[in-house]
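Enquirer:
Numbering (our numbering), first residue to last: 183 to 510.
1. Keeping to the same chain, check which residues put their C-beta closer than 7 Å to that of residue 443; ignore five residues upstream and five downstream.
2. Are residue 362 and residue 246 close, meaning C-beta to C-beta below 8 Å?
3. CA-CA distance, residue 568 and residue 263?
4. Which residue's Cα is closest to the Cα of residue 320: 313, 457, 308?
5. Taking all protein chains shown into account, decide if residue 268 is buried (16 or more other Cβ within 10 angstroms of its Cβ) or exposed.
6. Out of 311, 326, 290, 284, which one is the CA nearest neighbour of residue 303?
7. Does the stretch 467 to 487 come into contact with the stretch 358 to 374, if we say contact requires no fewer than three beta-carbon pairs (one atom in each stretch) closer than 8 Å?
8. Under the DSSP definition of a beta bridge, which residues are partnered with residue 467?
9. Taking 8 Å as the cut-off, decide whether the C-beta atoms of residue 448 and residue 467 are in contact.
10. Considering just the uninterrupted stretch of the alpha helix (DSSP H) at residue 218, what are its terminal residues?
11. Does the stretch 479 to 499 come within contact of the stretch 406 to 417, defined as at least 3 CB pairs closer than 8 Å?
12. Identify the residues that DSSP records as bridge partners of residue 473: which are they?
13. Just mark residue 236 as buried or exposed, buried being the case when its beta carbon has 16 or more other beta carbons within 10 Å.
14. From the DSSP output, in three-state form, read off residue 375 for me.
15. I'd like the span of the alpha helix (DSSP H) that includes residue 294, first residue to last.
16. In this structure, how does DSSP classify residue 207 when only helix, strand and coil are distinguished?
17. To the nearest angstrom, how far is it from the Cα of residue 265 to the Cα of residue 276?
18. Just verifying my parser: in three-state terms, what is the DSSP assignment at residue 201?
19. So, for residue 242: in the same chain, excluding its five sequence neighbours on each side, which residues have a beta-carbon less than 6 Å away from its beta-carbon?
20. Report back the beta-carbon spacing between residue 215 and residue 280 to the nearest angstrom; my notes put them in contact at under 8 Å.
21. For residue 191, is the classification buried or exposed, using 16 other Cβ atoms within 10 angstroms of its Cβ as the cut-off for buried?
22. I'd like to know whether the C-beta of residue 218 is nearer than 8 Å to at least one C-beta of chain B.
23. Pop quiz: residue 282 and residue 341 are said to be a contact at Cβ under 8 Å. What is the actual Cβ separation, rounded to whole angstroms?
24. Could you give the DSSP three-state label for residue 388: helix, strand or coil?
25. In the DSSP assignment, find the alpha helix (DSSP H) that holds residue 234 and state where it starts and stops.
26. Going along the chain, which residues of its own chain have a beta-carbon closer than 8 Å to the beta-carbon of residue 223, five neighbours each way excluded?
27. Nearest to residue 322 by alpha carbon, out of 345, 301, 431?
28. Quick one: using the 10 Å Cβ neighbour count with 16 as the cut-off for buried, is residue 364 buried or exposed?
29. For the alpha helix (DSSP H) containing residue 337, list its first residue and its last residue.
30. State the Cα-Cα distance for the pair residue 509 and residue 213, rounded to the nearest angstrom.
Structural data, given as structure tokens:
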């Protein structure tokens with residue numbers, strides 16, 4: 183049995199995070215997840231008018247196979263005898279970075295915050311549909327602020343926590359696991375809708391995404407709690423933070439959303455910030471708290487940024503501890 187090099191795996195994760203923070207997203211032409219998206223788009227456009235649920239299963243399996251083959255090829259190339267260790271680290275880190283996006287998660291919130299501060303509501307209505315699935319034409323400023331915070335906290339799970347969770351869980355095949363998850367997540371974002379023409383085509387992808395995000399969504403509450411505790415220790419606070427409120431809201435409101443997973447990070451964020459998050463006609467999280475204000479977007483971004491940092495450090499440490507245990 184080959185014992186995985188835990189130091190290598192942990193370093194790849196931390197280097198991937200550094201690449202993300204410093205450089206952000208790579209160009210679309212060399213972005214592996216964009217390649218997966220193009221395959222999904224091709225298969226989606228080729229979908230038949232009948233047996234769409236069965237075709238959706240085949241489409242998902244095809245994309246998962248492509249993602250697994252791509253990531254396994256990366257590991258194979260990085261492990262070749264002639265490849266210097268430092269180059270192997272950067273190759274793996276580059277491809278792992280493509281599965282999560284801290285910069286990409288937080289930058290839209292900063293942009294929308296700026297427009298809301300300047301009262302450019304029409305610009306916000308134009309931008310929001312990219313990030314949230316709701317009709318923005320009649321949203322108030324409060325509801326717009328809530329939508330941004332919901333998006334940031336929900337996407338913390340599938341955009342950051344879940345990929346690194348599966349990377350950590352599967353050891354030396356962690357990159358493959360992260361890419362399999364990312365394929366399912368991308369499928370869900372492109373075809374996993376309950377409305378036509380995707381209701382049957384994306385059924386398998388949406389259910390698979392629910393299954394894969396189930397554990398990370400609940401783990402997210404722990405990291406948001408840790409982030410809330412950290413914020414209370416900062417010398418300059420942007421507003422009152424209630425760490426215990428994050429746990430209470432997650433327990434009370436975590437299952438109030440149509441998704442079995444998105445409610446947990448959103449409710450935990452609502453409780454920590456002490457604000458009410460609402461998607462009109464769908465759900466209200468933290469109903470007893472005051473309505474969201476524009477300034478709360480910055481507070482939520484800070485909270486999720488710290489939670490993301492804790493996630494990376496915790497999973498890097500878990501890789502190291504697991505490696506030490508294997509060696510013993």
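Backbone N, C-alpha and C fix where the C-beta goes; we use that ideal spot for every residue, glycine too.
Expert: Taking the definition as stated:
1. 339, 392, 395, 396, 399
2. yes
3. Not covered by the structure: residue 568. The range shown for the chain is 183 to 510.
4. 308
5. exposed
6. 326
7. no
8. 459
9. yes
10. 214 to 227
11. yes
12. 458
13. exposed
14. coil
15. 284 to 299
16. coil
17. 15 Å
18. helix
19. 369, 386, 387
20. 5 Å
21. buried
22. You won't find chain B in this structure, because it holds only one protein chain.
23. 6 Å
24. helix
25. 234 to 260
26. 372
27. 301
28. buried
29. 323 to 338
30. Its pLDDT being 44, under 50, residue 509 is placed unreliably by the model, and the measurement read from it follows with that caveat. The straight-line gap from Cα to Cα measures roughly 35 Å.
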